[in-house]
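Read through the structure below, which is laid out as structure tokens, and then see the notes.
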Amino acid sequence: MPSMIHGLEPFVSGDLNKFYTNPIDLSEEPWTSKYGPQSDLGYSGPLSFSHFDYRRCLEDASVPFDIGIIGFPFDTTTSYRPGARFGPYAIRSGSRRQGLGGGRGYTLAWGSSPSDFGTSLLDCGDVPISAYDNAKAIDQMEAAYSTLLSRPVFGGTAANYKERTRAFALDGQEHPRIVTLGGDHTIVLPILRSLHKVYGPVSVIHFDAHLDTWPPMGTTAQEGITHGSFFAIAAEEGLMTNTSIHAGIRCKMLGIEDIEHDDTVGFQVITTDDIDDYGIKKVIEKIRQRIGDKLCLFEVREGAIIVLDIDVVDPGLAPATGTPEAGGWTTREVKRILRADIVEVAPAL
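Residues in the sequence shown are numbered from 258 upward in steps of one, following this note's numbering.
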């Protein structure tokens, strides 16, 4: 039957049965006979992350995956400039040039391509998140993330690590890895809630100009959940270990008490200037020392999540964010350190 656009019935004129009883021989048509199959160029075709296959995974479980990419177009807990709801679309649009889904994944820096490991990557589309009810929106994000985490893997981790990654989860099973495109930074709270059900408390490697561990404020509990308080709330709920780390901090604070509170939430701090004073290798070493084996060998029961707020990058290079801070890291430095949830991308700014 003909495909449907979401929410719309297909426009059909005439009897379709004749098309199914008399299939068309494409090889005899002008295009196929001269040019072969129709293919997408870097700047054309359906919009998916880096031209990976696209499915609405929340309603279509027919395609298993090892790494799923999901968009959380949400920005109604931001405190300054909104617009990050358009982030997932803009990130996908910008990723077309990379062409990883078309096999262009090899780089000299990595010495390999994702396709070398037989990993199945799938763009799972965007979650239709409420723009009017934050409590509902946060619940929708948790439900969506939990759904994808519960799906069977395509092939899973490379054979050398398969036994370790099975034991990594509380249920002893392998689960897909999820890359989330935001969206303001509050999206991490429902993600941590979902991860906690599968892995227990996790450590956070947090690339950001801001701490995001400020105590909740407001006259209601819901009002206290913002893109600057969600880590404090996650700590109160027991979702994180006390071995998390910030990287790229350079924001204004009320005073040293902000750092003292940050410490109680479970974070250490790497400032933006540390990369100049100690170099990239020392920054990477400090992250590994803080997180330990969770990052590489998966031999402990606690997991780790990497979160990248685009404002860790200098606004001269990445101005499309809600709370820009001058003096950030370059894209080259971040790529060197980060080898990846992406939040606070507001393309209209």
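We put the beta carbon where it would ideally sit given N, CA and C, even for glycine.
Treat the numbers as computed from the prediction; the structure is a model and nothing was measured.
Straight-line Cα distance separating LYS393 from THR216
As shown, the chain starts at 258 and ends at 606. That puts residue 216 outside it, with no answer to give.
Determine the direct distance from the alpha carbon of GLY328 to that of GLY264, and round the result to whole angstroms.
With a pLDDT of only 46 at GLY264, under 50, the local geometry of the prediction cannot be trusted, and no value is derived from it.
Is the distance from the Cβ of ALA466 to the Cβ of VAL591 below 7 Å?
Not in contact: ALA466 and VAL591 (Cβ atoms no closer than 7 Å).
Determine the DSSP secondary structure at TYR402, reduced to helix, strand or coil.
Helix at TYR402.
Which stretch, first to last residue, makes up the beta strand (DSSP E) that contains ARG354?
Per DSSP, ARG354 lies in no beta strand (DSSP E) segment and is marked neither H nor E.
At 3 residues or longer, what runs of the beta strand (DSSP E) sit wholly inside the segment 523-580?
Counting whole runs of 3 or more residues, the segment 523-580 contains the beta strand (DSSP E) stretches 524-528 and 560-566.
Which residue comes first and which comes last in the alpha helix (DSSP H) that contains HIS453?
Where HIS453 is concerned, the enclosing alpha helix (DSSP H) starts and stops at 445-456.
Of all the options ILE444, ALA491 and ILE506, which has the alpha carbon lying nearest to the alpha carbon of THR333?
Answer by Cα proximity: ILE444.
Would DSSP call PHE306 helix, strand or coil?
PHE306: helix per DSSP, three-state reduction.
Does the segment 470-482 come into contact with the segment 423-432, if we say contact requires no fewer than three beta-carbon pairs (one atom in each stretch) closer than 8 Å?
Not touching, per the Cβ criterion.
Could you have a look at ILE513 and say whether DSSP puts it in helix, strand or coil?
Helix.
With C-beta atoms as the reference, is SER377 less than 7 Å away from PHE322?
Yes, these two residues count as a Cβ contact at 7 Å.
Taking DSSP's pairing of strands, which residues face PHE464 in a bridge?
According to DSSP, PHE464 bridges with ALA504 and LEU565.
Along the chain, where does the alpha helix (DSSP H) containing ILE482 start, and where does it finish?
Per DSSP, ILE482 lies in no alpha helix (DSSP H) and is assigned neither H nor E.
Since ARG450 contacts ILE324 with CB under 8 Å, what's their CB separation in whole angstroms?
Taking the Cβ atoms as the reference, ARG450 lies roughly 21 Å from ILE324, outside the contact range of under 8 Å.
Label ILE462 either buried or exposed according to how many other C-beta atoms from any shown protein chain fall within 10 Å of its C-beta, with 16 as the threshold for buried.
Classification for ILE462: buried.
Indicate whether ILE563 and THR578 have their beta-carbon atoms separated by less than 7 Å.
Contact: no.
Residue burial classification, SER460 (beta-carbon count within 10 angstroms, cutoff 16):
The residue in question, SER460, is buried, as its Cβ has 16 or more Cβ neighbours within 10 Å.
Pairwise C-alpha distance: ASP297 and ILE281
Between the alpha carbons of ILE281 and ASP297 lies a distance of about 22 Å.
Per the contact definition of three or more C-beta pairs closer than 8 Å, is the segment 369-384 in contact with the segment 286-301?
Cβ pair count under 8 Å is below three, so no.
Alpha helix (DSSP H) containing ILE594: first to last residue?
588-594 is the extent of the alpha helix (DSSP H) around ILE594.
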